[in-house]
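According to UniProt numbering, the sequence shown is numbered sequentially starting from 1. Heads up, the thing below is written out as structure tokens.
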Amino acid sequence: MSLSAADGTGARPAQLEVSVVVPTYRRPEMLAACLDALCRQDFPAGRYEIIVCDDGPDDATRQCVAQFARAQAGRGLAVHYVPVTRTQGPAGARNSGWREARSPLIAFTDDDTLPDPHWLTAGVAALANGAAAASGAIVVPLPERPTDYEADASGLERAEFATANAFVARAFLVKTGGFDERFTSAWREDSDLQFSLLQAGGEIVRAPDAVVVHPVRPARWGVSIAQQKKSQFDALLYKKHPRLFKARIRATPPLLYYAILCAALIALIAGLARDFRTALAALLVWVALTSYFCVMRLSNRDRSWRHVAEMVWTSIPIPFLSIYWRLYGAVRFKVFFP
């Protein structure tokens with residue numbers, strides 16, 4: 001479907017310099033805040049467009065985008081809606097967006113970010129000397145003592161390259177094929193693009209003045225258990241880029257997790273063999289290592305009883321689930337990945 005057909009705004013404005021691609025999935029309130037910030041850029045309205053890629057097409061999101069499209073049409077800013085149905089996940093949604101775009105530069109952000117008014121201007125300037133891509137600054141506001149989930153989300157501030165705030169020359173997206181749609185979760189798909197750009201000979205520069213604020217979304221109790229499923233995509237990233245994975249993601253396996261697993265298995269096997277002394281010793285090692293893991297997660301974190309209870313409870317299954325999903329990914333993507 002063409003962009004004009006998708007949103008009914010008519011012809012594409014001339015002299016486009018950059019297209020902003022925003023993947024979204026059924027959270028129109030957050031999307032509206034993001035679009036409001038994007039419409040307030042100090043970049044000339046007629047020289048950029050906004051493309052919203054709806055990864056779960058629904059009426060609420062379509063209406064949200066249509067409202068902004070009508071409001072901005074008079075000042076020459078095109079806001080497009082692209083439903084994504086052939087695939088699922090942010091990688092596929094972003095591919096749908098940049099392939100529909102006609103600008104030489106593509107700016108990526110997420111529907112839960114708030115770009116600074118100077119964001120586009122700074123990002124476009126960073127690519128003025130011919131770099132393949134630029135990585136902007138991400139600000140994650142945190143309370144004085146964040147939860148484990150909030151602290152984990154703040155890792156975006158230290159990411160080398162995150163598509164919550166990235167600018168990429170369209171020519172290099174074409175050259176590399178863009179995002180690998182096998183990354184169906186919001187995990188490692190941006191690192192994969194980063195590594196692909198580097199291996200294609202592209203230069204990735206920093207754009208510290210291109211700032212987006214990324215508030216941490218509320219999460220349900222025990223969310224870290226479900227997040228372990230993402231570990232399977234580490235195997236895919238490792239298969240595609242083993243050298244860069246070891247240099248920039250993780251050089252060694254999660255040894256603490258494997259130690260916890262070994263202690264639990266020894267305790268179980270010894271117990272079944274009625275070797276209770278060995279079983280007790282291994283059980284004590286498992287308790288000590290699991291307690292250490294829990295204490296690590298609580299260091300400088302929220303000490304409310306609810307959060308402490310969550311950390312104690314989730315610290316028990318996480319090592320086992322993490323290893324399971326890592327091995328699942330190794331089998332799924334046919335790679336040796338301990």
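Every residue, glycine too, gets a C-beta built ideally from N, C-alpha and C.
In the DSSP output, which residue or residues are listed as bridge partners for residue i?
i: Ser135; result: Ala166 and Arg206
i: Ala107; result: Val20 and Phe167
i: Val211; result: Ala137
i: His80; result: Ile51
i: Pro115; result: Val212
State buried or exposed for residue i, treating a residue as buried only when at least 16 other CB atoms are found within 10 Å of its CB.
i: Lys240; result: buried
i: Leu35; result: buried
i: Asp42; result: exposed
i: Gly178; result: buried
i: Asn129; result: exposed
i: Pro319; result: buried
i: Val79; result: buried
i: Ser291; result: exposed
i: Asp59; result: exposed
Please say whether residue j and residue i have beta carbons closer to each other than 8 angstroms?
i: Leu16; j: Arg40; result: no
i: Leu284; j: His214; result: no
i: Thr109; j: Val20; result: yes
i: Ala45; j: Leu77; result: yes
i: Thr87; j: Asp54; result: no
i: Ala162; j: Ile138; result: yes
i: Leu127; j: Phe167; result: yes
i: Phe172; j: Leu197; result: yes
Only counting the same chain, and skipping five residues up and downstream in sequence, which positions put a Cβ closer than 8 angstroms to that of residue i?
i: Met296; result: none
i: Val103; result: The sequence as given places Ser at residue 103; Val does not occur at that position. Excluding sequence neighbours, Ser103 sits near Leu16, Glu17, Val18, Ser19, Tyr48, Glu49 and Arg170.
So, for residue i: in the same chain, excluding its five sequence neighbours on each side, which residues have a beta-carbon less than 6 angstroms away from its beta-carbon?
i: Ala235; result: Gly329, Ala330, Phe333, Val335 and Phe337
i: Thr278; result: Ala270
i: Met30; result: Asp111 and Asp112
i: Gln72; result: Cys39 and Val79
i: Pro83; result: Asp54 and Pro57
Less than 7 angstroms between C-beta atoms, sequence neighbours within five positions excluded: which residues of the same chain meet that for residue i?
i: Phe233; result: Phe183, Ser185, Trp187, Arg188 and Gly329
i: Tyr324; result: none
i: Val211; result: Asp116, Trp119, Gly136, Ala137 and Val139
**Prompt:** Are the region 261-275 and the region 296-311 touching, with three or more C-beta to C-beta distances below 8 angstroms?
**Reply:** no
**the region 226-246 in contact with the region 185-197 per 3-pair CB rule at 8 angstroms** = yes
**Prompt:** Okay, do the region 90-101 and the region 61-79 touch, 3+ Cβ pairs below 8 angstroms being the bar?
**Reply:** For the pair of segments examined, the region 90-101 was found not to touch the region 61-79: the number of CB pairs separated by less than 8 angstroms stays below three.
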